Structure formats: structure tokens, C-alpha cells
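As given, the protein sequences belong to chains A and B, one line each in that order.
If you count by our numbering, then the first sequence holds residues 1 to 440, one letter each, in order.
If you count by our numbering, then the second sequence holds residues 1 to 440, one letter each, in order.
Read through the structure below, which is laid out as C-alpha cells, and then see the notes.
There are 2 protein chains.
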Amino acid sequence: MNDRTMWIFVLLALSLGPAPQTLCAQGALEDLRVNPERIELRIQELSQFGGTSNGGVDRVAFSDADVQAREYIISLMREAGLAVRIDAAGNIIGRREGRGADRPSILFGSHIDAVPHGGKYDGALGVIAAIECAQVLHEHEVATRHPLEVIVFSDEEGGLVGSRAIIGTLTPEALDVVSHSGKSVRDGIRFIGGDPDRLEDARRRPDDIKAFIELHIEQGAILNSRGTDIGVVEGIVGINWWDVTIEGDANHAGTTPMDQRKDALLAAAHMIIAVNRVVTEVPGRQVGTVGRIRAEPGAPNVIPGRVVMSLELRDLSAEKIQSLFATIESEAERIAGESGTRVSFTPIHATSVPAPTDPRMRQIIAAAAEGLGLTFQLMPSGAGHDAQDMARITPTGMIFVPSVGGISHSPEEYTRPGDMANGANVLLHSILKIDEGALD
Amino acid sequence: MNDRTMWIFVLLALSLGPAPQTLCAQGALEDLRVNPERIELRIQELSQFGGTSNGGVDRVAFSDADVQAREYIISLMREAGLAVRIDAAGNIIGRREGRGADRPSILFGSHIDAVPHGGKYDGALGVIAAIECAQVLHEHEVATRHPLEVIVFSDEEGGLVGSRAIIGTLTPEALDVVSHSGKSVRDGIRFIGGDPDRLEDARRRPDDIKAFIELHIEQGAILNSRGTDIGVVEGIVGINWWDVTIEGDANHAGTTPMDQRKDALLAAAHMIIAVNRVVTEVPGRQVGTVGRIRAEPGAPNVIPGRVVMSLELRDLSAEKIQSLFATIESEAERIAGESGTRVSFTPIHATSVPAPTDPRMRQIIAAAAEGLGLTFQLMPSGAGHDAQDMARITPTGMIFVPSVGGISHSPEEYTRPGDMANGANVLLHSILKIDEGALD
């Protein structure tokens with residue numbers, strides 16, 4: 001829609017209908033669309049900060065590239081008419097006032113920090129699209145009932161630092177962690193303009209926030225392989241990690257007959273297959289992964305005496321994770337008995353609990369997608385997101401768009417401009433629906 | 001037997017029989033026995049060089065401890081009446097002349113260098129027992145027909161350096177290898193009194209050697225678990241090594257559904273189990289081992305995209321190794337097809353061919369054991385030994401004695417004094433049988 005068409009609508013609305021809630025007429029609001037070219041252009045511009053020759057980005061939180069990208073983002077926010085501030089946790093917040101004086105804010109956004117050797121869409125799309133929504137509303141002089149806040153969370157990839165500060169769960173220990181930038185999280189927050197000594201100031205009260213909504217690339221291949229436009233996220237899966245230790249007897253590979261071995265790696269192989277079988281033999285979208293393995297002593301001519309490997313289980317239901325783990329434990333007991341080894345499990349701290357999205361938010365996103373003529377499906381988020389923190393204090397929703405080939409955290413990460421625009425339009429109309437009272 | 005008894009035999013023989021072949025009478029020779037206490041004492045004394053607080057030894061070839069231990073061994077050789085020389089490869093050779101002027105020598109011995117954090121019996125027993133045999137013959141003034149040579153091979157654990165020089169297969173590249181001592185093999189040989197520029201001088205002509213025989217601890221648990229006194233070694237197994245590479249797709253463990261994965265570690269687990277099944281499902285004493293494994297990128301939350309692991313196969317028959325490998329290759333093809341991965345094998349240089357012992361030598365050793373009232377059994381040597389080189393130029397035999405628990409290359413390595421004495425007595429009487437013409 002161009003500006004001239006818009007004014008026709010506005011004049012039409014003013015002449016025909018009751019006093020409109022916004023400067024736009026209702027019909028005009030429904031027809032609002034983001035600018036696909038501008039999103040694509042800004043995604044490419046943002047990727048120059050920390051950009052690598054192979055098309056990826058090296059822009060870990062608290063790096064110089066991160067700081068430069070944040071300055072770029074702040075300039076875009078100002079262009080979109082947002083009042084920008086940095087909170088104590090280093091989150092960038094661009095605020096647009098609403099018509100109502102004391103209404104809570106609708107928050108939306110994502111992050112711009114990246115994993116080492118990452119891609120240009122993870123996080124970035126959610127931020128650029130959020131600014132685009134604000135800019136479209138600004139350009140069309142749409143006055144919303146609620147204040148809107150575009151948020152860029154600090155250090156998402158390093159452990160959801162910004163969103164944990166907002167919900168009040170960022171511990172002093174987390175501040176001591178040395179991030180990929182080489183700086184501690186504490187020093188990093190200071191480096192990007194926050195104040196780690198006053199983190200309490202970054203905390204938000206639930207009654208201060210109407211809702212939170214995040215657009216993100218799927219990072220998996222479900223939407224892309226099925227040709228679905230939009231993923232309506234049911235929740236962010238819980239993640240449990242264990243170290244699995246298998247102890248046998250290290251021995252000379254030449255002098256120890258096959259029937260006298262207690263080969264820890266052979267038992268580990270049976271465990272890896274058992275994990276896969278247990279996770280896949282029940283219905284559902286749970287996943288289980290052994291990603292790391294170490295055999296000791298690790299020489300070609302020595303039977304491994306000890307293997308330590310990782311076990312990760314993810315699902316939307318904590319109960320299901322526990323039930324899968326119980327089955328894996330009993331499989332381990334059987335394998336240990338049959339192989340003469342000992343198998344033990346050590347839970348690892350990195351565990352996160354499942355964070356379901358708000359069912360009303362799912363309906364709002366689905367309705368927005370439907371209104372835009374887009375196909376959509378419910379799906380879990382297998383990856384962690386700031387939305388999982390926000391879900392603990394406010395109605396939260398997440399929108400996914402297809403990742404080509406399901407590739408993520410890689411320079412090959414790619415999402416088509418059309419899919420980015422679809423996601424941004426769903427974000428825009430979800431915000432408008434919430435503003436219009438869909439949550440009330 | 002004490003010296004007085006001995007003299008009675010000798011006088012008896014002189015008064016009764018024809019001119020004896022040796023200073024001893026035949027009956028006296030059969031009754032010759034090593035001194036078990038002296039063997040045990042010397043094993044303990046030798047273990048002081050590079051001895052560690054946990055009862056093991058750190059005495060890698062070309063270390064100061066190696067040099068000190070060699071000086072100790074040379075002193076024992078001289079005490080046993082041997083004329084000592086160091087050849088160009090650093091081998092210590094203690095020679096005792098025979099009665100015949102131009103007869104070839106009977107060689108016997110082993111090595112005294114150890115693996116890092118090794119035990120006190122591996123190699124050491126073969127050397128101490130060889131000197132004991134010479135000393136018993138010296139003390140009893142037994143004059144053999146053939147010259148006897150006690151040999152201490154240099155740097156056995158680093159790749160059979162001394163014996164390869166003797167058979168002429170020590171390459172210039174092998175001299176460049178940096179040994180555990182930190183010195184190159186070339187510098188190491190110089191350090192222990194050899195001359196790496198004149199290695200050809202160390203080479204022995206086949207017609208210069210009557211036979212070679214080596215006593216060694218089994219390093220496996222076969223003799224110990226069956227309660228057998230003596231192992232008559234059928235040969236040293238051939239060893240083939242491969243690097244096995246499994247390539248799948250590295251992907252996000254949270255966002256990639258189970259049915260869309262190409263998990264290289266899951267495929268590797270199937271390979272490890274297949275190797276075990278292929279090796280154990282045919283009769284025989286072949287062994288197959290996966291001892292080393294690396295999964296990339298190796299993070300708990302990333303599906304492994306690439307696994308590299310070792311494959312080792314050992315058997316007395318090179319044909320059997322090739323046939324096992326062919327079966328493993330076709331298993332790999334099946335697993336790759338089922339898992340959507342690619343599996344490839346890269347042969348590794350460390351391969352060694354099977355070295356059967358001389359059937360006559362096996363009979364000589366078996367007869368010696370039987371004559372001593374010891375139980376014995378035929379068995380392969382799963383570990384490599386200098387005997388495998390010597391077998392290429394001269395009739396070679398090997399004697400094994402039990403390793404408690406089959407433990408080797410470890411401070412817990414242990415062989416009982418009685419078993420060491422049994423092995424030394426079998427060595428002594430095998431030498432005497434060869435000297436008496438059992439090979440002719």
C-alpha cells in the first residue's frame with residue numbers, strides 16, 4: 001500500500017464511520033503491511049557488523065562488533081520514532097507511547113548477538129522486524145492504545161542474560177561467567193552501557209507488561225520441508241543434560257581376548273543406540289542427543305576403560321523428559337549388566353524447564369497468519385529463546401518462519417526475504433490484535 | 001641342586017660314560033635350574049631405575065633411567081662371564097663363546113625400555129632370565145657347542161628399533177621419529193652408545209645365527225585364568241590399523257527432529273557394534289578394537305556431523321585380517337545406507353604383518369616345559385615383540401609366562417616369582433636342546 005491509497009482509506013473512514021480508535025481506519029489497519037525490501041536491506045546492513053567473508057557473522061555479545069551493531073540498531077529505532085534507552089542489563093529498549101496513560105506495554109523483539117561463526121538471521125530478524133513494525137505504525141501515524149516497546153536483549157547466546165535480568169533471575173554467578181568476548185558478563189554489561197551493580201533496575205513488574213512476542217527463524221527444517229509459512233510456537237522445550245560415564249577395564253588390545261574384555265566404548269555404543277531407540281519409540285516431538293564423547297585412554301591399541309559422553313533430552317513436557325530418562329536409566333542397567341561395565345549419570349547444571357507459550361497468544365498469532373492468508377502450524381521451539389524467560393512474567397507468544405535446509409548457527413543460515421516479511425506481518429498484526437484487546 | 005651334588009654327578013658321569021659333550025654330564029644338564037631368588041631380586045633391582053612410587057617404572061628408551069639400567073645390566077652380564085659390546089643400534093650383546101669355532105650363535109633376550117607409566121616385568125623378565133641362563137651355565141662351567149649371545153634390544157617400545165636394525169629394516173624416517181625421551185631415535189641411539197651413521201654394522205647375517213628365543217610375560221590373562229604354566233607362542237599377530245570416518249550432518253540438537261537427522265555418532269555406534277560382531281562371530285583368536293573416537297563438533301547440543309575413530313584388527317593370519325575387514329566394509333556400507341551417512345576407511349602406516357614362530361622351536365619349547373613337569377599351551381602373541389623381526393632371519397621361538405590379571409603396560413603389572421623361574425628354566429633348557437642339535 002502506498003501513501004496515497006492510505007489517505008483515501010483514512011478520508012473514507014473519517015467520512016463514513018464512528019470516531020476511529022486510531023488515526024487509521026479499521027480497514028486500513030488490517031491492510032497494513034511491512035516493507036519487505038527494507039527488512040532485507042537492514043538484515044544485510046546489520047550483517048556487516050562482524051560480517052565474515054563466507055557470509056556469516058562473528059558478533060558475540062560484548063564484542064566491538066556487537067557495540068557497533070547496537071549503535072546501528074539504535075539509529076534505526078530513532079528513525080522509527082522510538083525513544084531509546086539502555087537498561088541496567090544492557091538491553092536496548094525503544095519505546096513508543098500509547099494513547100492510554102497507564103496501560104501496560106506490549107513488548108516485542110529479539111537479540112542481535114550471535115554465536116561464534118554464526119549466521120545473519122538468528123535473532124537479527126526478530127529485531128529488524130520489530131523495528132519495522134514500529135516504523136510502519138510510525139509512518140502511518142497509527143496511535144495504539146498500549147505503549148509499544150521494541151526490545152533488543154543483551155547476550156542471548158551466552159545464556160539469555162538480558163531477559164533473565166528483566167525477570168530477576170540473573171545470578172551473581174552468571175555475571176562472573178567469562179563470555180565468548182573474553183570479558184566477564186559483568187564487564188560486558190558495563191561495556192555496552194549497562195550497570196551490573198544496579199540490575200534490579202532492569203527488572204520489570206508483570207503488571208507493567210501486557211504481553212511479549214518474538215519473531216525468530218525456526219532453526220529447524222520442519223516449516224521449510226513442509227512448505228508451511230508460519231510456525232505458531234507452543235512453547236520452548238525444557239532441556240536436561242547429563243554426563244554419562246561408562247567404566248570398563250582398559251586393557252591391551254592385542255593380548256586381551258574378545259570374551260575377556262570390558263570395553264567401555266562398546267557399551268557406550270549400545271547406550272547411544274538405546275538413547276535413540278527410547279526417544280523415537282514413543283509418539284511425540286521429543287529429541288535426545290549424544291553430541292560429545294571421550295574414550296580413555298583413547299589409543300587405537302588400548303581397549304577403552306572409560307567413556308564419558310553427554311546426554312541431552314528436550315521436550316515441552318518436563319514429565320516426559322523424566323519418563324524418557326527413567327527408561328534410558330533402565331536400559332543402561334541392562335547394558336552394564338550384559339557388558340560387565342558400570343554406567344552412571346550426572347545431571348548437569350544447564351537444565352532449563354519447559355516454557356509453554358500462552359494459549360491466547362497462539363490463537364492471536366494463528367488468527368493474524370490466517371488473516372494474512374498464510375499457512376501455519378503449531379510446533380515446539382527446540383532451541384532456547386528469551387521468550388522462555390518472558391513467559392514466566394507475561395503472556396508470551398513466538399512466531400517462526402522457515403529456515404532453508406533447517407540450517408542455523410552457521411554462515412549457511414538463510415531465510416528468504418518473503419518469509420521474513422510474512423513473519424514481520426504476522427508480528428505486526430499480532431501486536432495490533434493484542435492492542436485491540438484480544439488478550440482482555 | 002647345590003654345587004656338591006653337581007660334582008657328584010660330574011664325577012659319576014666321568015667315571016661311567018663316554019667323553020661328555022660338555023663339562024657337565026648329560027644327567028646333570030637336565031637337572032640344571034635357574035635361581036628363582038636371584039631372578040626376583042634382580043627384577044626388583046632393575047625396577048629401581050626409573051622406578052615410580054606406585055610400583056611401576058618410567059623408563060622410556062634413551063632416558064637417563066634407561067642408560068643407568070643398561071649399565072646395571074652390563075654389570076650383571078659381566079658377572080655372568082659374558083663379553084659385552086654395544087652394537088651400532090645400541091643393542092647390548094653379551095657373548096659367551098662355544099666350543100665349536102665357527103658355529104652360529106644362539107641368541108636370546110628381550111628389552112629393558114618401558115612404556116611411560118609401565119610395569120617392571122615387560123621386557124625386563126626376558127633380559128634378567130637370559131642373563132640368569134648364561135650365569136647358570138657359567139657357574140656350572142657348561143661349555144656349549146654354539147656361542148651364546150644374550151641380547152638387550154634398544155627401544156623396543158618405540159617401534160622395535162634394535163631388532164629392526166639387526167634385520168636391516170630400520171629406515172632413515174624411523175631415525176627421525178621423536179621418541180618418548182624427547183630425543184629423536186637417531187640422537188637416542190647415539191646417547192646409549194650406538195652409532196646411527198653405521199647401522200649397517202648392526203645387521204646380522206642369517207647364517208651367523210642359529211636361532212632366537214625370547215621369554216616374555218604374556219600381557220594377557222589366558223595363562224593366568226586357565227592356570228597354565230607356560231605359553232608356547234605360535235607367532236606374533238599381524239596388526240592392521242585404519243581411521244574410520246563417518247560423515248553425517250551437524251545440526252542443532254533442539255530444532256532437528258529425530259527423523260530428519262544424519263547423526264554421525266549414532267552411525268558410529270552401529271559401526272562399533274558391527275566390528276565387535278564381525279570379529280566374534282567367526283571362530284578363532286582374532287581381535288578387533290575401536291580404541292579412539294572423536295565426534296565433531298563435540299557439543300552436547302549439536303548433532304555430531306563427523307566422527308573419526310580407529311579400527312585395529314589383529315590375527316596370526318593376514319588373510320583372515322583381510323577377510324574380517326572386507327566384512328566390516330560391507331557392514332559399513334549397510335549402516336551408511338540406513339543412516340544417510342558416508343563411511344570411509346583410511347589404512348594407517350603402523351601395520352605389521354603376522355610373524356609365525358618356527359614350528360621346530362615350538363616343539364623344543366614344549367619339550368622343555370614337559371621335561372620340567374610344567375603345563376603348557378600353544379597361543380598367539382597379541383602384542384608385538386622383537387621376536388617378530390628376528391623371525392624373518394632365523395628360527396625363532398617365544399615363551400610366555402602368566403601375567404596376573406592379564407594386566408600390562410601399567411604399574412599393576414605382576415608376574416609371580418615362581419612363574420618367572422618356570423619361564424627361565426624353559427628358556428635354559430630350550431637353549432640347551434637347540435645347542436644339542438634339536439634344530440638340525
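Backbone N, C-alpha and C fix where the C-beta goes; we use that ideal spot for every residue, glycine too.
Note that the structure is predicted; figures quoted are calculated from it, not measured.
Own chain residues within Cβ distance below 7 angstroms of residue i, not counting five before or after
i              : result
E331 (chain B) : A274 and V278
T341 (chain B) : I246, E247, G248, K262, A264 and A267
G193 (chain B) : I86 and G90
Enclosing alpha helix (DSSP H) for residue i [first to last residue]
i              : result
F325 (chain A) : A318 to S339
F191 (chain B) : V185 to F191
K433 (chain B) : P417 to D435
I393 (chain B) : Run containing I393 (chain B): none; DSSP gives neither H nor E here.
E156 (chain B) : Careful: E156 (chain B) lies outside any alpha helix (DSSP H) and carries neither H nor E.
G371 (chain A) : P359 to G371
L41 (chain A)  : P36 to L46
V84 (chain B)  : Counting along the chain, V84 (chain B) falls outside any alpha helix (DSSP H), though it belongs to the beta strand (DSSP E) covering A83 to I86.
T280 (chain A) : A264 to T280
E173 (chain B) : P172 to D176
Beta carbon proximity, residue i to chain B, threshold 8 angstroms
i              : result
N276 (chain A) : yes
E412 (chain A) : no
L265 (chain A) : yes
H216 (chain A) : no
S53 (chain A)  : no
A221 (chain A) : yes
I86 (chain A)  : no
H409 (chain A) : yes
V237 (chain A) : yes
G423 (chain A) : no
A101 (chain A) : no
A269 (chain A) : yes
A156 (chain A) : The sequence shown places Glu at residue 156 (chain A), not Ala. Not one chain B Cβ lies under 8 angstroms of E156 (chain A).
Interface flag, residue i vs chain A, CB-CB below 8 angstroms
i              : result
P304 (chain B) : yes
R95 (chain B)  : no
S181 (chain B) : no
I43 (chain B)  : no
I272 (chain B) : yes
R416 (chain B) : no
V152 (chain B) : no
V401 (chain B) : no
V279 (chain B) : yes
A383 (chain B) : yes
G119 (chain B) : no
G371 (chain B) : no
G406 (chain B) : yes
N- and C-terminal bounds of the beta strand (DSSP E) containing residue i
i              : result
Q377 (chain B) : F376 to S381
G397 (chain B) : T396 to V401
G231 (chain A) : I230 to I236
A211 (chain A) : I209 to I217
A295 (chain B) : I293 to E296
S105 (chain B) : S105 to H111
D122 (chain A) : Counting along the chain, D122 (chain A) falls outside any beta strand (DSSP E), and DSSP gives it neither H nor E.
E312 (chain A) : R306 to D315
V67 (chain A)  : No beta strand (DSSP E) holds V67 (chain A); the alpha helix (DSSP H) holding it covers D64 to E79.
I93 (chain A)  : I92 to R96
Beta-carbon proximity list for residue i, same chain, < 6 angstroms, skipping 5 on both sides
i              : result
A369 (chain B) : I230, F376 and V426
V494 (chain B) : The question about residue 494 (chain B) has no answer, for chain B in this structure spans 1 to 440.
V397 (chain A) : A small correction: the amino acid at residue 397 (chain A) is Gly; Val does not occupy that position in the sequence shown. So the list reads I213, T357, M361 and I365, once near-sequence residues are dropped.
A391 (chain A) : A355
A114 (chain B) : V57 and R59
Residue i beta carbon near the ligand HEM (any heavy atom closer than 7 angstroms)
i              : result
H385 (chain A) : The ligand HEM is absent from the structure shown, which contains no ligands of any kind.
Beta-carbon proximity list for residue i, same chain, < 8 angstroms, skipping 5 on both sides
i              : result
T419 (chain A) : This sequence places Asp at residue 419 (chain A); Thr is not what is there. Correct list, in chain order: D229, V401 and P402.
So if I threshold CB-CB distances at 8 angstroms, which residues from the stretch 249-263 of chain A count as touching chain B?
N251, H252, A253, G254, T255, T256, P257, M258, D259, Q260 and D263
If contact means a Cβ-Cβ distance below 7 angstroms, which residues of the stretch 281-301 of chain A contact chain B?
R285, V287, T289, V290, G291, R292, I293, A295, G298, A299, P300 and N301
Which residues, in chain order, does the stretch 314-347 of chain B contribute to contact with chain A at a C-beta distance below 8 angstroms?
R314
Between the stretch 126-150 of chain B and chain A, which residues of the former have a C-beta closer than 7 angstroms to a C-beta of the latter?
none
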